[in-house]
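With this note's numbering applied, the sequence shown covers 19 to 141. We put the CB at the ideal spot given by N, CA and C, even for glycine. Remember, predicted model here, so these are calculated numbers, not experimental data.
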Amino acid sequence: MSLAPLMRLHAAMAAPYALALLFAPTWLCGLLSPHPLGIAGVEVARLFGAATALVTCVAWIGAGLDDRRAQRRLAAALLLYMVLGTGISLAGQLGGAWGPLGWSNVAVYGVLALAYARRLRGR
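In structure tokens:
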């Protein structure tokens, strides 16, 4: 798989997550965590939804770029985001912030990080 299909897959996976965080943060976080969000948590989740919508756009636009160098730069930025997301979600999971479904976050971030790293390394 080259960068373009990976970026399209990433965008397709991120879009529903972004929408759920924007419009139903309590529901989504309730699936992933036994802890209540509270008012501030709902607003932070919505902000994360907006950031995830941006990631969706960057991945989708990056997939359509003809300039390979620009596409690789966007993929490198997405790789950094995936590495950070893996670490943050793993720390939260091990710290008890998330329930059993929280492992899905660790898995998705980790798999996408590995996929981006592999594609970028392979040139």
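*What are the boundary residues of the alpha helix (DSSP H) that includes G67?*
Locating residue 67 in the sequence shown gives position 49, counting from the first residue. 56-81 is the span of the alpha helix (DSSP H), which, as asked, contains G67.
*Please say whether T70 and A32 have beta carbons closer to each other than 8 Å?*
In the sequence shown, counting from the first residue as 1, residue 32 sits at position 14. In the sequence shown, counting from the first residue as 1, residue 70 sits at position 52. Their beta carbons are under 8 Å apart, which means A32 touches T70 by this criterion.
*The alpha helix (DSSP H) spanning W45 covers which residue range?*
Numbered from 1 along the sequence shown, position 27 holds the residue referred to as residue 45. Run containing W45: 43-50, per the alpha helix (DSSP H) assignment.
*Starting from A115 and walking both ways along the alpha helix (DSSP H), at which residues does that stretch end?*
Counting from one through the sequence shown, the residue named residue 115 turns up at place 97. Per DSSP, A115 belongs to no alpha helix (DSSP H) and is neither H nor E.
*With a CB to CB cut of under 6 Å and the five nearest residues on each side skipped, what residues in its chain are close to A29?*
Along the sequence shown, read from residue 1 onward, the residue named residue 29 stands at position 11. Taken in chain order, the residues that qualify are T74, A77, W78.
*Taking 8 Å as the CB-CB limit, is S51 close to chain B?*
Here chain B cannot be found, since the structure has a single protein chain.
*With 16 other Cβ atoms within 10 Å as the buried cut-off, status of G82*: Taking the sequence shown and counting its residues from 1, one reaches residue 82 at position 64. Exposed, since its Cβ has fewer than 16 Cβ neighbours within 10 Å.
_Given L92 as reference, the closest of L138, I57, W45, T44 once Cα atoms are compared_ = If you number the sequence shown from 1, residue 92 lands on position 74. Closest option to L92, Cα to Cα, is L138.
*How would you call S107, buried or exposed, if buried means at least 16 neighbouring beta carbons within 10 angstroms?*
Locating residue 107 in the sequence shown gives position 89, counting from the first residue. Its Cβ being crowded by 16 or more others within 10 Å, S107 is buried.
*Could you tell me whether the segment 21-28 touches the segment 54-62, where touching means 3 or more Cβ pairs closer than 8 Å?*
no
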